[in-house]
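What follows is a set of notes on a single structure, which appears directly below.
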Amino acid sequence: MAMTQRPVRDPVTAQRAQGSFGDSFRSALGPLLFMGPAGFLVVAFFFIPVVIIIAFSLTDMSSSTGFQNWAWVQLENYRKILVHPSSGPILWNTIKYVVLTLSLFNVGMGLVIALLSTHVPRRTGFLFRALWLLPRLTPSVVYVMVWKYIAADAPYGILNQHLLGPLGVKATNWLPAQPWAFVIASNGFIGASFGMIIFTSAIESIPRDYMIAALVDGCSLWQRIRYVILPMIRWPLLFVTTYQTLSLFTSFEQILLLTDGQFGTEVWSLWAYHRALNNYWGNFQWGFGSALAAVLVVIGILMAIVYMRYFRFNELVQEPRIEAL
Amino acid sequence: MKLKLENLTKRWGAVYGARDVNIEVKDGEFVALLGPSGCGKTTTLLMVAGIYKPTAGVIRFGERVMNRVPPKNRNVGMVFQSYALYPHMTVFENLVFPMKLKRVPAKERRERAQQVAEMMGIGHLMDRKPGQLSGGQQQRVALGRALTKQPELLLFDEPLSNLDARLRLSMRAEIKRLQVNLGITSIYVTHDQVEAMTMADRIAVMRDGLLEAYCPPDELYDRPATLFVAGFVGNPPMNFLDVEVTQANGELRARCLGLDVAVPAERGARAAGKPKVTLGIRPEDLSIVLGEPGGEADTVVAGEVYVVEPLGRDDLIDVQIGQSHVNVLVNPGLGLRLGDPVRLKFNMEKAQFFDPETEQSLLWR
Chain X
-11 MAMTQRPVRD PVTAQRAQGS FGDSFRSALG PLLFMGPAGF LVVAFFFIPV
39 VIIIAFSLTD MSSSTGFQNW AWVQLENYRK ILVHPSSGPI LWNTIKYVVL
89 TLSLFNVGMG LVIALLSTHV PRRTGFLFRA LWLLPRLTPS VVYVMVWKYI
139 AADAPYGILN QHLLGPLGVK ATNWLPAQPW AFVIASNGFI GASFGMIIFT
189 SAIESIPRDY MIAALVDGCS LWQRIRYVIL PMIRWPLLFV TTYQTLSLFT
239 SFEQILLLTD GQFGTEVWSL WAYHRALNNY WGNFQWGFGS ALAAVLVVIG
289 ILMAIVYMRY FRFNELVQEP RIEAL
Chain F
25 MKLKLENLTK RWGAVYGARD VNIEVKDGEF VALLGPSGCG KTTTLLMVAG
75 IYKPTAGVIR FGERVMNRVP PKNRNVGMVF QSYALYPHMT VFENLVFPMK
125 LKRVPAKERR ERAQQVAEMM GIGHLMDRKP GQLSGGQQQR VALGRALTKQ
175 PELLLFDEPL SNLDARLRLS MRAEIKRLQV NLGITSIYVT HDQVEAMTMA
225 DRIAVMRDGL LEAYCPPDEL YDRPATLFVA GFVGNPPMNF LDVEVTQANG
275 ELRARCLGLD VAVPAERGAR AAGKPKVTLG IRPEDLSIVL GEPGGEADTV
325 VAGEVYVVEP LGRDDLIDVQ IGQSHVNVLV NPGLGLRLGD PVRLKFNMEK
375 AQFFDPETEQ SLLWR
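Residue numbers (the numbering used here), protein chains in the order written: chain X, -11 to 313; chain F, 25 to 389.
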């Protein structure tokens, strides 16, 4: 399509039509210049690091070998991951963390807030959404401290003293008691606001006539959400799902601060961090940690491809309305 | 079904969307809400549909007060300027959607959709998505969707404004025909006075949230109740001249600079004696007088051609009389040019008089 509409962009046709290499070079230069800055960032801060990580993962480099005495070990680190007793449980933790946070909060709660706040007066809705942005605006350390105080053991803790205590629930240290609830909630309260913003703008950009037509056609508010609003914000829903799956897979900041992987909450990215950069024994296994990270990169890329294929993201992309450079 | 709006008012803060609107619609009647943008016609329509809750006043369907009834229980069909067909549903799914919500059995849904589609000439498009249809086809589907639920009231919100001029003419006739055949009470919002005049049994003219007039098209045209209605209805619009009407020797005369014409008593009686009134006369009630001047009736005025606009069938010419201008429709065969002196005959039997202060007609109120 693009080629037939804009033959100049095809170098062969361009050369034939204009008969000069210089012209086609110039017409290719514009797009390259535009893509240059983003391309540079991707290469410098993603592509090269990934190559380095993969190279590291093929070595036994650690703080005991230092940068002098390391050796190439080929796929030994990957073999170790396969047979490591922690691999299975940690992978399961990761899946649990991603699926529950994503469905309950990043998409689920985000959608609920967006729907609620677009069905109340505009100012109220705006205020409501602004409140939900607070967790995202708060520095992570402060934010996690808040959660720690919510969960803290007796005689402290907001849950113990103010919420569950008065209901007669026995005081306890809630973090070890329900570690996953806190890991998922603390991440989810931040994550929900991303979907909330995207969904709100998507809902508000549905033309008013559709909303009126749905009511006149006989929809209740709930039926209008189900039959009209949700189908019309399908693309934002898919985008948020994809984007948040990938970002949850690699995020560990809140878990690190909240539990540091204790009480069975170690996820894959945190495991890589612990192994390579921060552990109790002080032997930083850079090679093994890199292999763990490389696995995560591969999983991420595979999932991105699956999502893009399955959700047909290419149909989302419209032909640009402006003429080619 | 009868429809009655009593003192219907919608207010947002200090802003009135509609104010004390009183309209009664007979069963099967086709009523147009006519006015410029922002006049409150769509606000009124959306109150009837149940989207806006009235601030004051009463909406009655038959005898039943509908103010608090949600839209889904009003059994109205609505057609939009933007068509508002659900883009993720096929034509068939769009047509059956209202019936699905009303829990009509699947078999009956299919039959009714098929029947309406045949009637609208869109039977062959059932599996298409709205995006694959032309504007005219989409508007037919939208009309079909409003009809499949067998509504008691049809609401149209400028349904033809997005169509091209030719299609608009044919759809206009088609909607009118359909409405007469089905006999469904209809309210049709438009800013196009030709649409309102040609389609409606009665026209409600609105301005700034207020109802200016509510009467049949011919009455609206021949007996405009206000200056606004007189100027809004009719194309090219009515000419207005500031004149003084005086009585001498039992004869009424309207005068201003360069103009002095006799006024029939039944037209001018209430305009006489006021220092200033507005004389309204339509372009078709002015005509060119040929031949040498002198010795003709006392409703002929001399002027000069100021602008000529060929319209094909007629020429619209702007004639300067003193310091005023009037538009006249003339035969293009006359070959008038800029600056030509002309004499105009005023058909004062059709003249309108308005009070320039209150903008009310001095004839019809």
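Backbone N, C-alpha and C fix where the C-beta goes; we use that ideal spot for every residue, glycine too.
Could you check the C-alpha separation between X/Pro154 and X/Pro164 for me, to the nearest Å?
Using only the alpha carbons, I get a separation of about 21 Å.
I believe X/Phe276 touches X/Arg263 by the beta-carbon criterion, under 8 Å. Please report the beta-carbon distance rounded to the nearest angstrom.
For a cut-off of 8 Å, the C-beta gap from X/Phe276 to X/Arg263 is around 5 Å, short enough to register as a contact.
Please report whether the beta-carbon of F/Lys3 lies at a distance below 8 Å from any beta-carbon of chain X.
Examination of residue 3 of chain F is not possible in this model, given that chain F is present from 25 through 389 alone.
Of the choices F/Asn371, F/Gly255, F/Glu236, F/Thr209, whose alpha-carbon is the least far from that of F/Ala278?
F/Ala278 has its Cα closest to that of F/Asn371, out of F/Asn371, F/Gly255, F/Glu236, F/Thr209.
Which first and last residues belong to the beta strand (DSSP E) in which F/Arg35 is found?
F/Arg35 -> beta strand (DSSP E) spans 27 to 36.
If we ignore side chains and look at the alpha-carbon of each, how far apart do X/Tyr66 and X/Phe34 end up?
Near 21 Å, if we compare the C-alpha coordinates of X/Phe34 and X/Tyr66.
Grab the span of the alpha helix (DSSP H) containing F/Pro334 for me, first residue to last.
Not the alpha helix (DSSP H): F/Pro334 falls in the beta strand (DSSP E), residues 324 to 334.
Please list the terminal residues of the continuous alpha helix (DSSP H) segment that includes X/Pro25.
That run of the alpha helix (DSSP H) goes 9 to 30.
Straight-line gap, X/Gly179 to X/Gly98 (C-alpha atoms, nearest Å):
When rounded, the distance between both Cα atoms is 8 Å.
If I follow the unbroken beta strand (DSSP E) through F/Leu200, where does it start and stop?
Reading off the sequence shown, one finds Lys at residue 200 of chain F, where the question assumed Leu. That residue, F/Lys200, is in no beta strand (DSSP E); its alpha helix (DSSP H) goes 189 to 206.
So the candidates are F/Ala326, F/Met25, F/Val325, F/Arg35; which of them puts its Cα closest to the Cα of F/Gly86?
Relative to the Cα of F/Gly86, the nearest Cα in the group F/Ala326, F/Met25, F/Val325, F/Arg35 belongs to F/Met25.
I need the straight-line Cα distance from X/Val228 to X/Ile186, nearest angstrom please.
For X/Val228 and X/Ile186, the gap between their C-alpha atoms comes out near 8 Å.
Going by C-alpha to C-alpha distance, which of F/Val352, F/Leu303, F/Glu333, F/Gly292 sits closest to F/Gly327?
Nearest option by C-alpha distance: F/Val352.
Outcome for F/Ala189 when other beta-carbon atoms lying within 10 angstroms are tallied against a minimum of 16
That one is exposed.
Provide the residue span of the alpha helix (DSSP H) that contains F/Ile305, from first to last.
Premise fails: F/Ile305 lies in the beta strand (DSSP E), 301 to 305, not in any alpha helix (DSSP H).
Can you list, in chain order, the residues of its chain with a C-beta nearer than 6 Å to that of X/Trp162? Leave out the 5 residues immediately preceding and following it.
Around X/Trp162, the same chain offers Ala139, Leu147 as residues with beta carbons nearer than 6 Å, after the five sequence neighbours per side are excluded.
Give the single residue among X/Val283, X/Ile289, X/Ile287 whose Cα lies nearest to the Cα of X/Leu46.
With distances taken between Cα atoms, X/Leu46 lies closest to X/Val283.
Any chain X beta carbon closer than 8 Å to F/Phe121
So, interface residue.
I believe F/Leu362 touches F/Val343 by the beta-carbon criterion, under 8 Å. Please report the beta-carbon distance rounded to the nearest angstrom.
Wrong, their Cβ atoms sit about 11 Å apart, outside the cutoff.
Touch test, the segment 268 to 277 of chain F against the segment 292 to 312 of chain F, Cβ-Cβ under 8 Å, three pairs minimum:
Yes: at least three Cβ pairs fall under 8 Å.
Can you pull the chain X residues whose beta carbon is under 7 Å from the beta carbon of F/Phe104, in chain order?
Asp197, Ala201, listed in chain order.
Going along the segment 108 to 120 of chain F in order, which residues come within less than 9 Å of chain X, judged by CB to CB distance?
So the close ones are Ala108, Leu109, Tyr110, Pro111, His112, Met113.
Stretch pair the segment 204 to 215 of chain F + the segment 59 to 72 of chain F: three plus CB contacts closer than 8 Å
With a cut-off of 8 Å on Cβ pairs, the segment 204 to 215 of chain F is in contact with the segment 59 to 72 of chain F, counting three or more such pairs.
Using a Cβ cut-off of 8 Å (strictly closer), state whether F/Val100 contacts chain X.
Contact of F/Val100 with chain X is assigned, a C-beta pair being separated by under 8 Å.
Can you give, in chain order, each stretch of the beta strand (DSSP E) that sits fully within the segment 33 to 107 of chain F and has at least 3 residues?
Counting only runs of 3 or more, we get 39 to 49, 54 to 58, 80 to 85, 100 to 104.
Look at the Cβ atom of F/Pro248, then the Cβ atom of F/Arg226, and state whether they are nearer than 8 Å.
No, the Cβ-Cβ distance between F/Pro248 and F/Arg226 is not below 8 Å.
Buried or exposed: which applies to F/Tyr238, given that a residue is buried once 16 or more other Cβ atoms fall within 10 Å of its Cβ?
That one is buried.
Residues of its chain near X/Met(-11), where Cβ-Cβ distance is below 6 Å and the 5 sequence neighbours each way are ignored
Note that X/Met(-11) scores a pLDDT of 37, beneath 50, so its modelled location is shaky; the value from the coordinates is reported in the next line. Within the same chain, no residue comes within 6 Å of X/Met(-11) by CB-CB distance, once the 5 residues on both sides are set aside.
Pick out whichever of X/Ile78, X/Ser91, X/Ile191, X/Leu125 has its Cα sitting closest to the Cα of X/Leu321.
The displayed coordinates of chain X run from -11 to 313. Any statement about residue 321 of chain X would go beyond what the structure contains.
Can at least three beta-carbon pairs, one atom from the segment 252 to 263 of chain X and one from the segment 109 to 127 of chain X, be found at a separation below 8 Å?
No contact exists between the segment 252 to 263 of chain X and the segment 109 to 127 of chain X.
Just list the residues that DSSP pairs F/Cys280 with in beta bridges.
Paired residue(s): F/Leu283.
Could you name the residues of chain X that F/Lys34 contacts, counting a contact when the two beta carbons are closer than 9 Å?
Those within 9 Å of F/Lys34 in chain X number zero; the least Cβ separation is about 15 Å.
Determine the extent of the beta strand (DSSP E) in which F/Met230 is found, giving its start and end residues.
226 to 231 is the span of the beta strand (DSSP E), which, as asked, contains F/Met230.
Over what stretch of residues does the alpha helix (DSSP H) that includes X/Leu290 continue unbroken?
Segment 274 to 298, the alpha helix (DSSP H) holding X/Leu290.
How many angstroms separate the CA atom of X/Ala118 from the CA atom of X/Gly176?
Cα-Cα distance, rounded: 16 Å.
Candidates F/Gly207, F/Arg337, F/Leu276, F/Glu243, of which the one nearest F/Val49 by Cα:
The residue with the shortest Cα to Cα distance from F/Val49 is F/Gly207.
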